[in-house]
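Following this line, the structure appears as structure tokens:
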């Protein structure tokens with residue numbers, strides 16, 4: 037399930053938290069482009085906001101309230117600095133296991149006191165233990181949210197859906213069991229000796245699928261990418277393949293056989309599922325290349341030659357030929373048309389039905405403790 041909207045109620049709670057810490061709510065809304073209705077106009081349960089604008093608001097609140105970002109410290113000028121540095125550190129790791137190991141060390145040196153994790157690998161079983169020894173008074177759901185974000189982050193980094201075997205929690209439930217099941221689709225054990233996520237160790241061997249530039253772009257919009265990542269087994273096979281491909285086009289794309297291996301399926305099953313969704317692996321690859329190339333060409337700080345290099349082309353003319361095949365336009369012509377059209381500046385607050393908004397609640401709950409000290 038991919039989340040492209042967030043309940044308006046969550047944005048209102050986030051603003052209330054920011055107000056409590058002395059932030060200017062009107063300035064936050066103006067800086068993000070969000071337009072929220074008055075409380076007496078429409079019930080917030082019946083409304084949604086674009087996920088990208090919600091995440092922008094989340095970052096603005098971090099700046100305004102000087103709160104830590106994902107448990108990593110920053111400065112008043114750049115409260116996401118710690119998380120930015122973490123992303124740079126894991127960007128050049130070869131596998132997910134190596135990335136988690138480096139992140140573990142980084143958290144032990146720079147994270148908030150009591151925040152951190154350790155990884156144990158035992159045969160086909162991997163356990164990510166969440167360290168909260170100095171957070172005895174912290175709400176349990178804050179720890180649960182942290183575990184959820186970690187799980188989503190590692191899955192996004194390696195471009196895969198990571199099926200959890202079980203989740204262990206030290207305390208007894210403080211909410212209904214449904215609140216926990218909305219975050220983790222697996223067995224959840226309470227009153228355990230540690231807070232931990234348990235999953236198949238084969239996920240640790242997955243290569244990183246995002247370039248350093250993609251990670252820096254991720255920091256600028258986080259946690260938006262985590263909302264778009266495949267979240268459950270029922271998500272489309274196209275979405276899962278797209279995340280396996282990643283955004284680092286300077287290296288070869290995974291082969292069809294590699295995709296089969298990573299998805300734990302057969303060639304015939306994968307082709308059947310792709311046919312059901314009206315696509316092919318080649319089309320998914322072409323769409324991924326086209327979207328990435330268009331995104332690079334929209335950036336004024338990147339030349340066409342640089343865009344070609346980031347797309348894995350040593351010869352700019354070869355990039356031009358490929359881009360014309362994908363879009364019907366030369367890169368320079370596409371850039372000229374995009375610039376002349378102007379970038380989108382108007383932000384519209386969409387009104388959606390309660391039923392459509394309800395699909396976003398499970399991810400939206402991650403942010404309910406945003407005002408409690410960390411984001």
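In the numbering used here, the protein residues as written are 37 to 411.
We put the CB at the ideal spot given by N, CA and C, even for glycine.
| Query | Result |
| --- | --- |
| Nearest-angstrom Cα separation, counted from residue 136 out to residue 158 | 16 Å |
| Endpoints, the beta strand (DSSP E) within which residue 8 is located | Since the first and last residues shown for the chain are 37 and 411, residue 8 lies out of range. |
| Of the residues 272, 309, 239, the one placed nearest residue 196, counting alpha carbons only | 239 |
| Bridge-paired residues (DSSP) for residue 227 | According to DSSP, residue 227 bridges with nothing at all. |
| One or two residues paired with residue 204 in a DSSP bridge | 225, 232 |
| Residue range of the beta strand (DSSP E) that includes residue 352 | Where residue 352 is concerned, there is no enclosing beta strand (DSSP E), although the alpha helix (DSSP H) it sits in stretches over 352-363. |
| CA nearest to the CA of residue 413, picked from 335, 52, 321, 334 | The requested residue 413 does not occur in the structure, where the chain is confined to residues 37 to 411. |
| Inside the segment 237-288 only - alpha helix (DSSP H) runs reaching at least 4 residues | 248-257, 260-264, 273-281 |
| Boundaries (first-last residue) of the beta strand (DSSP E) holding residue 315 | That residue, residue 315, is in no beta strand (DSSP E); it is neither H nor E in DSSP. |
| Rounded Cβ spacing between residue 88 and residue 257 (contact assumed at less than 8 Å) | 7 Å |
| Three-state secondary structure (DSSP) of residue 302 | coil |
| For residue 164, the three-state DSSP class (helix, strand or coil) | strand |
| Reduced DSSP category for residue 84 - H, G, I as helix; E, B as strand; rest coil | strand |
| Nearest to residue 254 (by Cα), restricted to the options 66, 127, 53, 179 | 127 |
| Secondary structure of residue 94, DSSP reduced to three states | helix |
| Cross-strand partners of residue 105 (DSSP beta bridge) | 108 |
| Cut-off 6 Å between Cβ atoms - residues of its own chain near residue 333, not counting five sequence neighbours on either side | 343, 367, 370, 371 |
| Beta carbon of residue 234 nearer than 8 Å to that of residue 161 | yes |
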